[in-house]
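Chains A and B, in that order, are what the protein sequence lines are.
Under the working numbering, the letters of the first sequence match residues 84 to 254, in that order.
Under the working numbering, the letters of the second sequence match residues 58 to 498, in that order.
Where is the CB? At the ideal position from N, CA and C, for every residue including glycine.
Here's the structure, in structure tokens; my notes come after.
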Amino acid sequence: MIPAATEQLRSNKRTRTEVEDFLYYEAQLLDAWRLEEWRDLFTEDGTYLVPSTDNPEGDPVMDLALVDDDREGINGRVQRLMSTYAHIENPRSTTTRLITNVRVWDDDFGDLGAICNVMVTRSRVASSTTYAASVQYLLRPEGDSFRIAHKQAILGHHTLRHVGGVLSIII
Amino acid sequence: MDDFAPASSRVAEIERVLPRETEFVRDLRNPNRFLVARKVFTDDQVLRAERDRVFNKCWIYVGHVSEIPRPGDFVAREVAGRPVLFTRNAQGEYRVLLNSCSHRGAEVCRERRGNQRRFRCFYHSWSFSNDGALVSMPDESGFPEGFRKEDHGLAQPYAVDDYRGFVFATFNPEQEPLVDYLADATYYLDLTADQAPGEAGMVVTAGTHEYSMRSNWKLLAENSSDGYHAIPVHKTYLDVQKTKGDTIAGSTDKDWKESHAFDLGNGHTVTVKQAPWGRPIARWKPSMGADTKEIVEASYERLVAANGKDRAELIANLDFNMLIFPNLVINNIMAVIIRTFYPQAPGELNVTAWSLAPGDEPAEARHVRNESFLSFLGPAGLATPDDNEALESCQRGYAARPGEGWNDVSRGMDKFDPPNWDELQMRTFWRRWDELMGGKA
Chain A
84 MIPAATEQLR SNKRTRTEVE DFLYYEAQLL DAWRLEEWRD LFTEDGTYLV
134 PSTDNPEGDP VMDLALVDDD REGINGRVQR LMSTYAHIEN PRSTTTRLIT
184 NVRVWDDDFG DLGAICNVMV TRSRVASSTT YAASVQYLLR PEGDSFRIAH
234 KQAILGHHTL RHVGGVLSII I
Chain B
58 MDDFAPASSR VAEIERVLPR ETEFVRDLRN PNRFLVARKV FTDDQVLRAE
108 RDRVFNKCWI YVGHVSEIPR PGDFVAREVA GRPVLFTRNA QGEYRVLLNS
158 CSHRGAEVCR ERRGNQRRFR CFYHSWSFSN DGALVSMPDE SGFPEGFRKE
208 DHGLAQPYAV DDYRGFVFAT FNPEQEPLVD YLADATYYLD LTADQAPGEA
258 GMVVTAGTHE YSMRSNWKLL AENSSDGYHA IPVHKTYLDV QKTKGDTIAG
308 STDKDWKESH AFDLGNGHTV TVKQAPWGRP IARWKPSMGA DTKEIVEASY
358 ERLVAANGKD RAELIANLDF NMLIFPNLVI NNIMAVIIRT FYPQAPGELN
408 VTAWSLAPGD EPAEARHVRN ESFLSFLGPA GLATPDDNEA LESCQRGYAA
458 RPGEGWNDVS RGMDKFDPPN WDELQMRTFW RRWDELMGGK A
């Protein structure tokens, strides 16, 4: 699905700016904790995957990931995070996302591929941390925007130790 | 009681166990009270003593044989505070080697896993076999007369052994044999190993959860089988399962059926119950999705064919949270998790967790298992992060009265047969811990 990192990438369908606008919008929803609107960016068969930190290129079916959500899983994750009983996120973390190095290409199956680097600072009264990730998308063009068919965040960390300990927010 | 209940459960806890009163633990009678001094979570001296009297004395979990299936395979990890290599030699035997060069002490391997015949220290190029023997070094002739390579192999624990594929090591020359140490925990390790009737056996899947908490390691030992916290802390998990179609009452006595807590000997404990969640091995629930029902039922049929109906029923439907003293958790819950953890400081621990699954599990069944695992477990699951927050919150709270205060662990102490949401399992841990620590009166 993902072309080699060294390839020059180009889409004949959409400009990088259009994709960037969408990614910035998604980041804004996440930072604002408008998670139901974020959830609704996904297609009905949308998926959200975060592989384990020691197995970034593992088999998504047979191996254990950190997050392996189908649409129902995404719904459940959002239901939980919006609850005041999601104790680790109550009070909610303040997050600030930077999205850079955006590249796009035409996926063989009609979707638009996108890859970007993300840094998320997460601050709580008890502690602060910064997550880095390479995030890959399959975006399905819809009107003048997109829906997310697949989102996969490869964490730029060998373990979660000393980067928050756990991953309780959405990357 | 059923045959899964150990002999210890035939006598009430307060009649079976003598009272004790030390600087760390108060195990009192008339009235029955169990208190743990909060300084055991915060004190540097206590941690230093634990390294010596607990981690250097017990059998400590190293890994599962399935992690290194072929000759030359190895994984590098921390065991009892030490960097070790868990390897398989050319003859196919597993070995546990201390990952520190016999020359100057640098790690001889800095990869986390792989397959190789030799470990070459990059500092002076001393090279060791995956049996730990020193094979070669540059300019061997420069060493003085009488220097023998065979005296300079990698150090090893005093003993290494496995029970049904679970490998342990001990750094204590006087430690009893592993099977004696494990005591009644072997029954539950058997139930775990028997989940895979085929030749492939149970295997640790790829993908490791490596995370950390800013809390004392013993809080995780308590938390891993704490039934009392499940409803308040994991309400969001239970609510999401309800949304997905499961029947969950949201109360301990209705949701946890057939619940008991047992003392398995040597500080090992287990809580057993039939829990409200599904289990990919054999208990289908609507939250797992209608399309998975057949897969789960087929898995149950395989268990019946291999084990007979009664044993299959136990393997399939007896959920349990087991702690093998001091720091190995094996939970057969919505999936099978192996979890181990080490203190880095009084208020800091590292956790490593794996999923254990039948090695011949088809892709569809593995997918059901992974979804079930991640619905609750793991540092990005819907439940485990809130455990982290609870334990970190305790640790922050202990700063309120430095060196003072007592935790109450008395729940269910008057009962003959307390359920999993009482605290017999934690008292069992603490009694053993206090014995080993030799707490002064």
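DSSP places Pro289(B) outside any beta strand (DSSP E); the residue lies instead in the alpha helix (DSSP H), whose first and last residues are Ala287 to Val290. At least one CB atom of chain A sits nearer than 9 Å to the CB of Val297(B). DSSP places Gln482(B) inside the alpha helix (DSSP H), whose first and last residues are Leu481 to Met494. Ile231(A) sits in a strand when the DSSP states are folded into three classes. According to the DSSP assignment, Gly171(B) belongs to the beta strand (DSSP E) that extends over Arg170 to Asn172. With distances taken between CA atoms, Arg175(A) lies nearest to Arg163(A) out of Arg163(A), Leu181(A) and Ile182(A).
Chain B has no Cβ within less than 9 Å of the Cβ of Ala216(A). Within the DSSP secondary-structure output, Gln331(B) pairs in a beta bridge with Lys314(B). Per DSSP, the beta-bridge partners of Ile198(A) are Arg186(A) and Gln219(A).
The count of Cβ pairs closer than 8 Å, one atom from the segment 217-227 of chain A and one from the segment 192-199 of chain A, reaches three, so the stretches are in contact. For Asn407(B), the enclosing beta strand (DSSP E) has its first and last residue at Glu405 to Pro415.
The beta carbon of Gln235(A) does not come within 9 Å of any beta carbon belonging to chain B, so the residue lies off that interface. If you draw a 10 Å sphere on the C-beta of Asn388(B), you find 16 or more other C-beta atoms in it, and that means buried.
Counting along the chain, the unbroken beta strand (DSSP E) around Gly120(B) starts and ends at Trp116 to His121. Around Val208(A), the same chain offers Pro174 as residues with beta carbons nearer than 8 Å, after the five sequence neighbours per side are excluded.
Counted as a single uninterrupted DSSP element, the alpha helix (DSSP H) harbouring Trp121(A) occupies residues Leu118 to Arg122.
At a C-beta separation below 7 Å, Met270(B) has these neighbours in chain A: Gly248. Secondary-structure assignment with DSSP links His266(B) through a beta bridge to Ala410(B). The straight-line gap separating the alpha-carbon atoms of Leu277(B) and Pro88(B) is approximately 28 Å.
Scanning chain B for C-beta atoms nearer than 7 Å to the C-beta of Ile171(A) yields Pro442, Asp443, Asn445 and Glu446, reported in chain order. Contact between Pro476(B) and Trp334(B) does not hold, since their C-beta atoms are separated by about 17 Å, which reaches or exceeds 8 Å. With the rule of 3 Cβ pairs closer than 8 Å, the segment 222-242 of chain A counts as touching the segment 123-140 of chain A.
Under the criterion of beta carbons closer than 8 Å, Gly435(B) and His266(B) qualify as touching, at roughly 5 Å.
Taking the Cα positions, Leu375(B) is about 19 Å away from Tyr285(B).
Contact annotation: in the segment 251-271 of chain B, residues whose CB is within less than 8 Å of a CB in chain A are Thr262, Ala263, Gly264, Thr265, His266, Glu267, Tyr268, Ser269, Met270 and Arg271. Flagged as an interface residue toward chain A: Val290(B), by a C-beta distance shorter than 9 Å.
Take Asp151(A), set aside five residues on each side of it, and the residues of its chain with a beta-carbon closer than 6 Å to its own are Leu132, in chain order.
Burial check for Tyr238(B): the Cβ neighbour count within 10 Å reaches 16 or more, so the residue is buried.
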